[in-house]
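K.L.:
Okay, here's the structure, questions in a sec.
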Amino acid sequence: MELDAISLILLALAIPASFIVSAAAGLGGSLILVPAMMMAIGTKEGIAVAALLLACNNVAKVAVYRKTLPLRASGTVIIAVMLGTALGATLMLKLPELWIRYAVALVIVVTLVWEFSPYHRAKKAWGVGLAFCSGATSGISGTSGPLKGVALRSLQLERFYFVGAASLVSLVGDTTKAVVFSQSGLLQTEHLVLAGILVPVMAGCTLLGRTINRKLGERWYSVLFWTVMGGYILRLVT
């Protein structure tokens with residue numbers, strides 16, 4: 357995994373940022389990390405490594421939010437995400453890389469539109485179906501976009517329990533992807549070593565993200581977040 361100077365700088369910024377956003381909001385880290393990894397090391401390998409790092413980071417999130425993990429309430433969503441992710445990740449291995457790049461860009465655009473629409477917090481009775489679709493989308497493109505958030509909002513959980521549920525669902529989804537990609541040979545020993553090296557970063561960023569969750573609303577960092585996303589979209593489609 358050889359990286360040039362620009363790629364190193366990009367990842368040095370994107371990796372901790374993705375961990376912080378993920379810990380603060382419960383989800384969203386893949387929207388930063390997946391495009392960054394794709395640009396740095398390639399489309400399919402980038403998605404695979406991002407899944408591995410996010411899976412490890414979600415272990416830290418589950419540990420931090422261990423007192424607010426709604427296991428019973430989110431059980432069906434977790435199972436649906438796992439099944440959808442396994443299907444999507446298997447399809448990703450067979451799709452042309454150009455299709456995957458455009459899928460990632462499309463998911464980011466849809467997420468942006470959904471996030472700032474007046475309906476993005478609407479209650480949904482069809483959360484399990486959305487959860488399956490979010491898993492499939494995540495498996496193919498590396499990120500689920502707004503579908504996971506809508507599925508989780510259908511559970512009508514208090515904020516910290518929402519983040520706990522999102523952490524559980526993300527852990528299952530990213531772990532499923534990592535297993536599928538590992539079996540296909542996309543993940544190598546060097547990637548596992550990288551994940552091990554980043555454990556202290558994951559711990560620190562997760563604690564910082566929890567602090568942000570307690571003291572600030574998600575909108576405080578949304579402008580910067582979506583500015584970065586806009587740059588990623590332009591880079592991915594050119």
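Under this note's numbering, the first residue of the sequence shown is numbered 357, with each subsequent residue one higher.
We put the beta carbon where it would ideally sit given N, CA and C, even for glycine.
1) May I have the straight-line CA-CA distance separating residue 522 from residue 505, to the nearest angstrom?
2) Please tell me whether, using a cut-off of 7 Å, the distance from the CB of residue 547 to the nearest non-hydrogen atom of the ligand ATP is below it.
3) Between the region 534 to 543 and the region 391 to 399, do at least 3 Cβ pairs fall closer than 8 Å?
4) With 16 as the cutoff for other CB atoms within 10 Å, does residue 387 come out buried or exposed?
5) Whole angstroms are fine: how far does the CA of residue 524 sit from the CA of residue 538?
6) How far does the alpha helix (DSSP H) with residue 422 in it reach, from first residue to last?
7) With distances taken from CA atoms, which of 397, 498, 375 is nearest residue 568?
8) Can you check which of these residues, 517, 406, 526, is closest to residue 503 by C-alpha distance?
9) Between residue 550 and residue 488, what straight-line distance do the alpha-carbon atoms span, to the nearest angstrom?
10) Is it the case that the Cβ atoms of residue 459 and residue 497 are separated by a distance below 8 Å?
11) Once DSSP output is grouped into helix, strand and coil, what is the label at residue 360?
12) In the DSSP assignment, the alpha helix (DSSP H) including residue 391 goes from what residue to what residue?
13) Go to residue 571, then tell me how far its alpha helix (DSSP H) extends in each direction, as first and last residue.
14) Is the separation between the beta-carbon of residue 405 and that of residue 529 shorter than 8 Å?
15) Since residue 433 contacts residue 507 with CB under 8 Å, what's their CB separation in whole angstroms?
16) Here's the rule: buried if 16 or more other CB atoms are within 10 angstroms of the residue's CB, otherwise exposed. What is residue 571?
17) Quick one: is residue 396 buried, meaning 16 or more other Cβ sit within 10 Å of its Cβ, or exposed?
18) Would you check if there are 3 or more beta carbon pairs closer than 8 Å linking the region 361 to 374 to the region 414 to 425?
19) According to DSSP, simplified to helix, strand and coil, what is residue 450?
20) What do you get for residue 552, buried or exposed, if any count of 16 or more other CB atoms within 10 angstroms of its CB means buried?
21) Whole angstroms are fine: how far does the CA of residue 408 sit from the CA of residue 359?
22) Are the beta-carbon atoms of residue 565 and residue 430 separated by less than 8 Å?
P.N.:
Concretely, from the data shown:
1) Here residue 522 refers to the residue found at position 166 of the sequence shown. Here residue 505 refers to the residue found at position 149 of the sequence shown. Whole-angstrom Cα-Cα distance: 8 Å.
2) Judged by which ligands are present, the structure shown has none, so any question about the ligand ATP falls away.
3) These segments do not touch.
4) Translated into positions along the sequence shown, residue 387 becomes position 31. With 16 or more other Cβ atoms from the protein chains shown falling within 10 Å of its own Cβ, residue 387 counts as buried.
5) In the sequence shown, residue 538 corresponds to position 182, counting from 1. In the sequence shown, residue 524 corresponds to position 168, counting from 1. Going from the Cα of residue 538 to the Cα of residue 524 covers about 21 Å.
6) In the sequence shown, the residue the question calls residue 422 occupies position 66. Residue 422: not part of any alpha helix (DSSP H); DSSP gives it neither H nor E.
7) Position 212 of the sequence shown, counted from the start, is the residue given in the question as residue 568. Ranked by how close their Cα comes to the Cα of residue 568, the residues 397, 498, 375 have 375 in first place.
8) Taking the sequence shown and counting its residues from 1, the one referred to as residue 503 is at position 147. Put simply, of 517, 406, 526 the residue whose alpha carbon is nearest the alpha carbon of residue 503 is 526.
9) As a position in the sequence shown, residue 550 is number 194, starting the count at 1. As a position in the sequence shown, residue 488 is number 132, starting the count at 1. Those two C-alpha atoms are separated by around 30 Å.
10) By 1-based counting over the sequence shown, the position of residue 459 is 103. By 1-based counting over the sequence shown, the position of residue 497 is 141. Going by C-beta atoms, residue 459 is nearer than 8 Å to residue 497.
11) Locating residue 360 in the sequence shown gives position 4, where the first residue counts as 1. Look at residue 360 here: in three-state DSSP terms it is coil, with no helix or strand label.
12) Along the sequence shown, read from residue 1 onward, the residue named residue 391 stands at position 35. For residue 391, the enclosing alpha helix (DSSP H) covers residues 385 to 397.
13) Numbered from its first residue, the sequence shown carries residue 571 at position 215. For residue 571, the uninterrupted alpha helix (DSSP H) segment begins and ends at 555 to 571.
14) Here residue 405 refers to the residue found at position 49 of the sequence shown. Here residue 529 refers to the residue found at position 173 of the sequence shown. Contact flag unset, no.
15) Counted from its first residue, the sequence shown places residue 433 at position 77. Counted from its first residue, the sequence shown places residue 507 at position 151. With a beta-carbon spacing of about 6 Å, residue 433 and residue 507 fall inside the 8 Å limit used to define contacts.
16) The count along the sequence shown starts at 1 and reaches residue 571 at position 215. Under this definition residue 571 is an exposed residue.
17) The sequence position of residue 396 within the sequence shown is 40, counting from 1. Here residue 396 is buried. Its C-beta has 16 or more other C-beta atoms within 10 Å.
18) These segments do not touch.
19) Translated into the one-based positions of the sequence shown, residue 450 becomes position 94. Residue 450: coil per DSSP, three-state reduction.
20) Position 196 of the sequence shown holds residue 552. Exposed, since its Cβ has fewer than 16 Cβ neighbours within 10 Å.
21) Numbered from 1 along the sequence shown, position 3 holds the residue referred to as residue 359. Numbered from 1 along the sequence shown, position 52 holds the residue referred to as residue 408. Between residue 359 and residue 408, the C-alpha separation is close to 18 Å.
22) Numbered from 1 along the sequence shown, position 209 holds the residue referred to as residue 565. Numbered from 1 along the sequence shown, position 74 holds the residue referred to as residue 430. No, these two residues do not count as a Cβ contact at 8 Å.
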